[in-house]
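Structure (C-alpha cells):
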C-alpha cells in the first residue's frame, strides 16, 4: 500500500510542476506578444512621421530612406507575424501614397491585401479598408476601371458586414472621386 501512495504523490507533484510550467509559458507568450505589439505600434507612429502632413514642408529624404529600408526588411523580419507585417505595410503604403510614390504604395498595399485575405478572409472589413486604400492609389495612377472595381468590392463588403455608416460613406466618397476622374459622374 505504501508503493502506490508514493507513486500517486510523485504523479501529483509532476502534474503540479507541469501546470506551473504551462502557466509560465503562457505568461511568457503573452509578454512576448505585448512587446511585439508595442514595437509595431512604435514603428507605425515613427513611419507616419514621414507623411507630408506631419513633416510640414521639411525635407523628407531621410524619412524616405527609412521607409525604403523598412519596406525591404519587412520581407524577412515579420514572416512569423503576418498581422504585424500587414499593419506595417499598410502604414508604409499610406505614407508612400501621400508622398506621391504610387508604385511603392501599390506594392505595399497589394502585399497587405494578400496578408489580410489570408488571415481574415476575403469578405472581412479590414480587407475592405485595404481594398479602398489600394483603389485610391490605383486611381491616382490613372487606372480608373481597375480602381472602380476595387472600390465597388470594398463598398459591397462594407455594406454587407459593417454597421458603421462612416465606413460605407468612405467607400461612396472614394467611388465618387474615382468615377468623377473617369468622367462617369452620373454613376456616382
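Residue numbers (this note's numbering): 2 to 189. For every residue, glycine included, the Cβ atom is placed at its ideal position computed from N, Cα and C.
Self-check item: Counted within 10 angstroms of its Cβ, other Cβ atoms place residue 105 as buried (16 or more) or exposed
Solution: buried
Quiz item: Nearest to residue 84 by CA position, among 78, 111, 116 and 182, is which residue?
Solution: 116
Quiz item: Any idea if residue 13 is buried or exposed, counting beta-carbon neighbours within 10 angstroms, 16 or more meaning buried?
Solution: By the 10 Å Cβ count, residue 13 comes out exposed.
Quiz prompt | Beta-carbon proximity list for residue 136, same chain, < 6 Å, skipping 5 on both sides | solution = 148, 151 and 152
Quiz item: Start and end of the alpha helix (DSSP H) containing residue 145?
Solution: 145-162
Exercise. Check whether the Cβ atoms of residue 63 and residue 90 sit closer than 8 Å, and answer yes or no.
Key: no
Quiz item: Got a sec, what are the start and stop residues for the alpha helix (DSSP H) residue 76 sits in?
Solution: 62-78
Quiz prompt | Cβ distance (whole Å) where residue 158 is taken to contact residue 126 below 8 Å | solution = 7 Å
Self-check item: Distance between residue 171 and residue 124 (C-alpha atoms, nearest Å)
Solution: 17 Å
Quiz prompt | Residue closest to residue 168, alpha-carbon to alpha-carbon, out of 47, 80, 184 and 132 | solution = 132
Quiz item: Is it the case that the Cβ atoms of residue 107 and residue 138 are separated by a distance below 8 Å?
Solution: yes
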